[in-house]
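K.L.:
Quick one: the structure is below, and I'll ask about it shortly.
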Amino acid sequence: MKKVKRNSILLTIILHSFIILGVGHGIGIMGIIDISSIPNLMDDYGFTLSGKFNDKIMSIGLISLIGKILLLSSLFIKLELYKLICEIVGIVLLLISVYFLTSGNWSYNSVYETAFWTSIPFLISSLNLAILIIRKINENKNLNIEKNGKWNKANYHKLKAK
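In my numbering, the protein residues as written are 14 to 175.
Structure below.
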């Protein structure tokens with residue numbers, strides 16, 4: 014399962030990087046926006062998630078970049094708690110970036126619609142990764158219960174009654 018989860022993390026990052034965006038007078042992919050958001054951190058750049066698509070794209074790229082860095086770092090972290098925290102926060106940040114990429118007036122500007130339709134593979138992959146994370150949390154909980162030997166149905170009902 015460890016290898017499946019690792020591959021799922023990498024696939025989720027790759028699929029998010031290939032979300033197609035209408036930027037300027039052409040198209041781009043999210044991976045390029047992530048990289049181009051780094052120099053904007055050094056400049057006098059204002060973080061905004063409101064306004065026109067072109068006004069908020071660098072802020073969305075920054076959110077996306079942080080999410081991808083957290084997911085990648087979770088591959089190298091050994092402590093299970095910190096690994097799970099990085100995975101959960103990384104997925105949430107990537108989903109937030111997709112929300113801001115696709116939330117707008119679809120009838121006025123097609124960039125939102127294009128971003129939505131090209132983000133569907135990412136959404137499916139992130140759902141798969143979320144399921145794997147939830148399974149890992151339940152697996153750790155059951156392992157902890159078996160290790161301590163304190164958790165059984167009788168104790169559960171006593172605790173629930175209090």
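Idealized CB from N, CA, C, for every residue including glycine.
Quick one: residues in its chain with C-beta nearer than 6 Å to the C-beta of N53, no 5 flanking neighbours on either side, listed in chain order?
P.N.:
Working through the sequence shown from its first residue, we reach residue 53 at position 40. Cβ within range, chain order: M71.
K.L.:
Locate the alpha helix (DSSP H) running through I76, then write down its first and last residues.
P.N.:
Numbered from its first residue, the sequence shown carries residue 76 at position 63. Segment 66-87, the alpha helix (DSSP H) holding I76.
K.L.:
From H38 to N67, what does the alpha carbon distance come to, in whole angstroms?
P.N.:
Residue numbering aside, residue 38 sits at position 25 when the sequence shown is read from its first letter. Residue numbering aside, residue 67 sits at position 54 when the sequence shown is read from its first letter. H38 and N67: Cα-Cα distance of roughly 11 Å.
K.L.:
Less than 8 Å between the beta carbons of L145 and V17, yes or no?
P.N.:
Locating residue 145 in the sequence shown gives position 132, where the first residue counts as 1. Locating residue 17 in the sequence shown gives position 4, where the first residue counts as 1. Closer than 8 Å, so yes.
K.L.:
For the alpha helix (DSSP H) that contains I22, what are its first and last residues?
P.N.:
Here residue 22 is taken as the residue at index 9 of the sequence shown, counted from 1. Segment 15-30, the alpha helix (DSSP H) holding I22.
K.L.:
In three-state terms, what does DSSP make of I90?
P.N.:
Position 77 of the sequence shown, counted from the start, is the residue given in the question as residue 90. Note: I90 maps to coil in three-state DSSP.
K.L.:
Pull up the CB-CB distance for M43 and S30, whole angstroms please, since I reckon it's below 8 Å.
P.N.:
If you number the sequence shown from 1, residue 43 lands on position 30. If you number the sequence shown from 1, residue 30 lands on position 17. About 5 Å; that satisfies the 8 Å criterion.
K.L.:
Where S77 and I26 are concerned, what is the direct C-alpha to C-alpha distance, given to the nearest angstrom?
P.N.:
Along the sequence shown, one-based indexing puts residue 77 at 64. Along the sequence shown, one-based indexing puts residue 26 at 13. Going by the C-alpha atoms only, they are around 10 Å apart.
K.L.:
With burial defined as no fewer than 16 other Cβ atoms inside 10 Å of the residue's Cβ, what is the status of K65: buried or exposed?
P.N.:
Working through the sequence shown from its first residue, we reach residue 65 at position 52. Its Cβ having fewer than 16 others within 10 Å, K65 is exposed.
K.L.:
Pull up the distance between the alpha-carbon of K81 and that of V102, whole angstroms please.
P.N.:
Counting from one through the sequence shown, the residue named residue 81 turns up at place 68. Counting from one through the sequence shown, the residue named residue 102 turns up at place 89. Taking the straight line from one Cα to the other gives about 10 Å.
K.L.:
Check G44 in the structure and name its three-state DSSP category.
P.N.:
Taking the sequence shown and counting its residues from 1, one reaches residue 44 at position 31. Of the three classes helix, strand and coil, the one that applies to G44 here is helix, per DSSP.
K.L.:
Within 10 angstroms of its Cβ, does G59 collect 16 or more other Cβ (buried), or is it exposed?
P.N.:
Taking the first residue of the sequence shown as position 1, residue 59 is located at position 46. Exposed, by the Cβ-count rule.
K.L.:
With a CB to CB cut of under 6 Å and the five nearest residues on each side skipped, what residues in its chain are close to F135?
P.N.:
As a working note, residue 135 is residue 122 in the sequence shown. Excluding sequence neighbours, F135 sits near L28, H29.
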